[in-house]
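Student: Numbering follows the UniProt record's numbering, with no gaps: position 241 of the sequence shown is 241. Every residue, glycine too, gets a C-beta built ideally from N, C-alpha and C. Please see the structure below; I have some questions.
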Amino acid sequence: MNPQAKLIFISSLLLGTTIVISSNHWITAWAGLEINTLAILPLISKSHHPRAIEAATKYFLTQATASALLLFSSMTNAWHTGQWDITQMTHPTSCLILTSALAMKLGLVPFHFWFPEVLQGSPLITGLLLSTAMKLPPITLLYMTAQSLNPAVLTGMAILSAALGGWMGLNQTQVRKILAFSSISHLGWMAIVLVYNPKLTLLNFYLYTLMTAAIFLTLNSTNTTKLSTLMTSWTKAPALSAMLMLTLLSLAGLPPLTGFLPKWLIIQELTKQEMTPAATIIALLSLLGLFFYLRLAYCATITLPPHSTNHMKQWHTNKPIPSSIAILTVLSTTLLPLSPMISPTI
1 MNPQAKLIFI SSLLLGTTIV ISSNHWITAW AGLEINTLAI LPLISKSHHP RAIEAATKYF
61 LTQATASALL LFSSMTNAWH TGQWDITQMT HPTSCLILTS ALAMKLGLVP FHFWFPEVLQ
121 GSPLITGLLL STAMKLPPIT LLYMTAQSLN PAVLTGMAIL SAALGGWMGL NQTQVRKILA
181 FSSISHLGWM AIVLVYNPKL TLLNFYLYTL MTAAIFLTLN STNTTKLSTL MTSWTKAPAL
241 SAMLMLTLLS LAGLPPLTGF LPKWLIIQEL TKQEMTPAAT IIALLSLLGL FFYLRLAYCA
301 TITLPPHSTN HMKQWHTNKP IPSSIAILTV LSTTLLPLSP MISPTI
């Protein structure tokens, strides 16, 4: 892709996200979401492969539907209350439609079907943007309207997301699809605590972004898209594969790694809110995710590929690890001791 075109699309993404985050009015928030959607489409379809074009089409259709629903919910609310302010979403029907629209934008169950397909058809770096940056505007809108949303609907969606994200990731061989189901499962953790403690949702999102960025950049560096390629990647970069294993275990939420921190705080918050059954169910469902993270970690570091001539040659291609990956991996594995500093502010 032309560097100038890429610069325009990335600038548009930043502009759209900034507009959504800083807006008070529903129309400006909607405009920001539309700018974001239009800016990411060329980045998804830049390879001109039929799979990429299909992914871009699916993404466009779902995001356009979600934007129309968002506009419809804000108009219904304005019709009943005379308010266009984002924080003044008080009409129950509008809140329900808004929850559906933002769930569709994010890929929460039952509106998750588009996400694995779109991620599978996108390049790895675009996949990273779809999993992290593109989720920030809808999560910001959920954060701003958290007090108006229906807790029962969100809890139901969250538990279903954690269940389906874990369950459907078990049988996959494509790394991008596994990461898509992992994203759906993490969204469940963010949604379940949203009404009770929105700051905790944001903390979970930031840490998830950190760990996912480390994984996607590592996979991009070793050019890995399938489990079979992952099995031979340790010969290219042994240190990188070892770091990938630690980051995957952190994303699974194993102590003493960073990923344990949001899960711990969310379970604590749910217990405070007398939602112990929900906390127990979502904690048990995260074991499904743990299985496929362990499978990825096993493929990355513990399996030995056949020692054919091709694989022996790869020892000569050792490259230095990019500093961005090194920094992200260190942050993805060592932030748990900061939890006493974070807990009082949440």
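1. Counting only the same chain and skipping the five closest in sequence on each side, list residues whose C-beta sits under 7 Å from that of T173.
2. State yes or no: is the C-beta of A29 within less than 9 Å of the C-beta of P110?
3. Could you check whether T90 and S148 sit closer than 9 Å to each other, using their CB atoms as the reference points?
4. Going by CA-CA distance only, name the one from V118, H186, Y143, A252 that's closest to P42.
5. To the nearest angstrom, how far is it from the Cα of L70 to the Cα of S182?
6. What did DSSP end up calling Q172 once you bin it into helix, strand or coil?
7. On the DSSP letters alone, give me the boundaries of the alpha helix (DSSP H) that T76 sits inside.
8. I'd like to know whether the C-beta atoms of G188 and L160 end up nearer to each other than 9 Å.
9. Taking all protein chains shown into account, do 16 or more other C-beta atoms lie within 10 angstroms of the C-beta of T309, making it buried, or fewer, making it exposed?
10. Closest to residue 352 by C-alpha separation, out of F9, A180, L106, W79, would be which residue?
11. Mind checking who H91 pairs with in its DSSP beta bridge?
12. Look up K226 in the DSSP assignment and say whether it is helix, strand or coil.
13. Please classify I125 as buried or exposed, where buried requires at least 16 other C-beta atoms within 10 Å of its C-beta.
Tutor: Checking against the coordinates, here is how it stands:
1. Excluding positions up to five away in sequence, the list reads K226, L227.
2. no
3. yes
4. V118
5. 26 Å
6. Note: Q172 maps to coil in three-state DSSP.
7. Note, T76: alpha helix (DSSP H), 50 to 81.
8. yes
9. Here T309 scores only 48 on pLDDT, less than 50, and its place in the model should not be relied on; the value that follows carries that caveat. So T309 ends up on the exposed side.
10. Any question about residue 352 goes unanswered here, given that the chain covers just 1 to 346.
11. DSSP output for H91 lists no bridge partner at all.
12. strand
13. exposed
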